[in-house]
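Working notes, structure below.
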Amino acid sequence: MKAVFFDLDGTLLNTLPDIRAAINYALRAYDGKEADDEDVRRYVGHGLHRALSQAVIEKEPKGLDENEMSLMFALMLNAYRRHPIEGTVPYPGIAELLSALKERGIKLGVVSNKEDSIVQEIIDGLLPDTFDFVSGERQGFPLKPDPSLLLYGLGKVGASCGESVYVGDSEVDAETGRRAGIRTVIVSYGFRTEEELKASGIRSEAENAYKLAEILESIP
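When we follow the numbering used here, the leftmost residue of the sequence shown carries the number 122, and every step to the right adds one.
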């Protein structure tokens with residue numbers, strides 16, 4: 122194993138508090154009902170724009186047309202840019218897991234559907250000097266589950282799919298790994314429960330980061 126690449130939200134970090142705060146900031150501006158953690162957990166996975174679109178469907182903000190929707194998204198994005206790591210924390214055991222992988226000389230990467238500038242700030246603020254490749258949404262690359270950005274990142278660190286593992290927490294990540302043809306480990310401690318994953322036909326392998334560490338340590 123030469124490389125391990127990770128999804129960000131729900132895999133490395135619990136980002137729900139800050140995503141929720143940004144979404145609710147935009148909803149309040151249009152007199153919408155507020156979203157709670159459970160709502161936001163369901164919204165995320167396909168990028169921030171789709172997350173806000175789901176919130177709009179459920180929370181009934183007022184006075185929206187196409188132009189106002191663009192303004193609402195800008196409000197959310199600006200709020201998130203200002204406060205990306207106020208409530209965000211690594212899951213228990215993640216820091217130790219990453220340190221152990223680095224000691225083995227394994228290349229580490231992050232591939233997220235979130236806007237790239239926010240991804241970079243989150244990683245720099247909470248897990249600095251850890252990864253060999255970090256990318257959020259990038260021009261010229263479709264969002265996951267398209268595997269293009271994952272494959273690009275692996276190429277940048279000099280590892281093939283056969284030499285690498287991809288770790289995620291959702292049906293989007295499972296499909297990304299399948300399309301890439303890479304060994305994929307899906308965790309159930311993030312934004313999708315074991316029951317939700319099973320209902321989607323996905324087998325989760327790690328209920329916490331300590332179990333994930335055991336799985337990765339067992340791969341030669």
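By construction, the Cβ of each residue, glycine as well, lies at the ideal position given by its N, Cα and C atoms.
Only residues of its own chain outside the window of five on either side were considered, and among them T251 have a CB closer than 6 Å to the CB of L219, listed in chain order. By the criterion of at least three beta-carbon pairs nearer than 8 Å, the stretch 325-341 is not in contact with the stretch 157-172. Contact check between the stretch 233-244 and the stretch 123-134: three or more CB pairs, one atom from each, fall below 8 Å, which counts as touching.
Restricting attention to K319, D290 and I303, the CA atom closest to the CA of Y212 is found in D290. Cβ neighbours of K265 within its own chain (closer than 6 Å, five residues either side excluded): N234, V293 and T297. Judged by pairs of C-beta atoms under 8 Å, the stretch 195-204 does not touch the stretch 303-311, as fewer than three such pairs exist.
Excluding five sequence positions before and after V161, the CB atoms of its chain that fall closer than 6 Å to its own CB belong to L137, I140 and R141, given in chain order. Setting aside the 5 residues that flank it on each side, L270 is surrounded in the same chain by V232, S256, R259 and F262, each with a C-beta closer than 7 Å to its C-beta; the list follows chain order. Distance from the CA of R203 to the CA of S238, rounded to the nearest whole angstrom, comes to 11 Å. The three-state reading of DSSP puts E181 in coil, since its state is none of H, G, I, E or B. Nearest in C-alpha terms to L333, of all of G276, G230 and L222, is L222.
If you keep only unbroken beta strand (DSSP E) runs of at least 3 residues inside the stretch 274-332, you get 285-289 and 304-307. In this structure, the CA atom of L148 is about 15 Å from the CA atom of N188. Assignment of S233 by DSSP, reduced to helix, strand and coil, places it in the strand class.
Shown here, G257 sits in a strand according to DSSP, grouped into three states.
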